[in-house]
Amino acid sequence: MEQPDKQLEKLTAQWAQSQPLIAAFISSLVPDFHDADDILQNVAVVTVRKYQQFDPTRSFVAWAIGIAKNEILKYQSKQGKRHLLLDIDAIDSVTQVYTKEHSTIHDTRIDLNHAISTCISRLKGKWQQIMEMHYLREQSAARIAQHLGMTRNSVFVSLHRIRIALRDCVNRRLGEECT
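Taking my numbering, the leading residue of the sequence shown gets 1099, the next gets one more, and so forth.
Next comes the structure, spelled out in structure tokens:
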């Protein structure tokens, strides 16, 4: 069992990352800004209350959108038939679009991160040293040049070539995954 502080940190990070999408989902189904904002706050409260029931192997966004859908249905039932904007099938359709779109974006991000990691790990020799010194240790071009016995300008040229090589490698890797 996770410590409550760690669990709260995870929830906070997941909510902060997901909140704009959840708010957009609610706004797409609830036209009144104030009502949509109230529903978003209710979703946040329910998410905190039920977070221990969340299965971390599933998508947090999909789970939270499911909660939002339930809160929207509660809102519509309180409004009564005359204020009913969409039926349950339409709401289900919108829910599916949002969860599918998020899943696609999430998968693309994972593929991209994997491709970048793979391509960086393939750098050798001075290129690897230059990347590490510049991006991980945040050293200046002058400092890198001094350490590696290069000119400052040659460090800039190397960084430019490294970026091009990484871009091409990532594009190739993503192209392989798409075919």
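Using N, Cα and C, we set each Cβ at its ideal position, and we do this for glycine too.
Residue environment: residue 1158 is assigned as buried (16 or more neighbouring CB atoms within 10 Å of its CB, all protein chains considered).
Cβ atoms of residue 1166 and residue 1137 come within 8 Å of each other, at about 7 Å. The C-beta separation of residue 1263 from residue 1250 comes to about 20 Å, leaving the pair out of contact by the 8 Å criterion. Annotation: the continuous alpha helix (DSSP H) that includes residue 1133 extends over 1131-1148. Between residue 1189 and residue 1218, the alpha-carbon positions lie close to 44 Å from each other.
Distance from residue 1142 to residue 1197 at the Cβ level is roughly 18 Å; contact not present, criterion being Cβ atoms closer than 8 Å. DSSP places residue 1169 inside the alpha helix (DSSP H), whose first and last residues are 1158-1177. Taking 8 Å as the cut-off, the Cβ atoms of residue 1243 and residue 1255 do not count as close.
Under the three-state reduction of DSSP, residue 1154 is assigned to coil, being neither helix nor strand.
Around the C-beta of residue 1114, fewer than 16 other C-beta atoms lie within 10 Å, and the residue is accordingly described as exposed. Your pair residue 1267 and residue 1235 does not check out as a contact, with CB atoms roughly 22 Å apart and the cut at 8 Å.
The beta carbon of residue 1246 lies closer than 6 Å to none in the same chain, with the five residues before and after it left out. With fewer than 16 other Cβ atoms from the protein chains shown falling within 10 Å of its own Cβ, residue 1139 counts as exposed.
In this chain, the alpha helix (DSSP H) harbouring residue 1245 covers 1239-1246. The continuous alpha helix (DSSP H) containing residue 1227 extends over residues 1223-1229. Here residue 1261 is actually not in contact with residue 1213; their C-beta atoms are around 15 Å apart, not less than 8 Å.
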